[in-house]
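Residue numbers (the numbering used here): -11 to 129.
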């Protein structure tokens, strides 16, 4: 763990622009289950962990408190060694999401089981602590 921090935001920001009959803007394909409010991440409380990994380089894990999340509880300190699948904290209550950001300049291959993760309008559900992807070895010419 090389850095971390809380970005306040609010879990109960003004939802005047939310219309339950038309929650997507613009409309994604009819078979999509993508939530349009992901476009407003900056308004929600977020906790960011930046982890230096031997295989993936720098990885940021961003916990986002959506729709009724009262808090994000962190249990990891800067400088701590973090293992894959380790408990790092939890959401206080309500809906939530996790975003992963990877160091640029590397090739990654994302799949859940045998299903590639490539269509942003149809997110792929996965098990907690499941494998999301791997680094693709560079081509040798």
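For glycine and all other residues, C-beta sits at the position ideal for the given N, C-alpha and C. Note that this is a predicted model, so its numbers are computed, not measured.
Distance, residue j Cα to residue i Cα
i, j, result
"residue 61", "residue 54", "14 Å"
"residue 67", "residue 91", "19 Å"
"residue 117", "residue 94", "22 Å"
"residue 42", "residue 73", "16 Å"
"residue 70", "residue 85", "20 Å"
7 Å Cβ shell around residue i - same chain, five flanking residues per side excluded
i, result
"residue 96", "90, 121, 123, 124"
8 Å CB neighbourhood of residue i in its chain, flanking five on each side removed
i, result
"residue 130", "This structure leaves residue 130 out entirely; the chain is present only between -11 and 129."
Sequence-distant residues of the same chain with beta carbon closer than 6 Å to residue i, five excluded per side
i, result
"residue 114", "100"
"residue 64", "-11, 76"
"residue 50", "34, 36, 87"
"residue 38", "-10, -9, 48"
Whole-number beta carbon distance between residue j and residue i, since they are thought to touch under 8 Å
i, j, result
"residue -8", "residue 36", "6 Å"
Residue i - DSSP class collapsed to helix/strand/coil
i, result
"residue -9", "strand"
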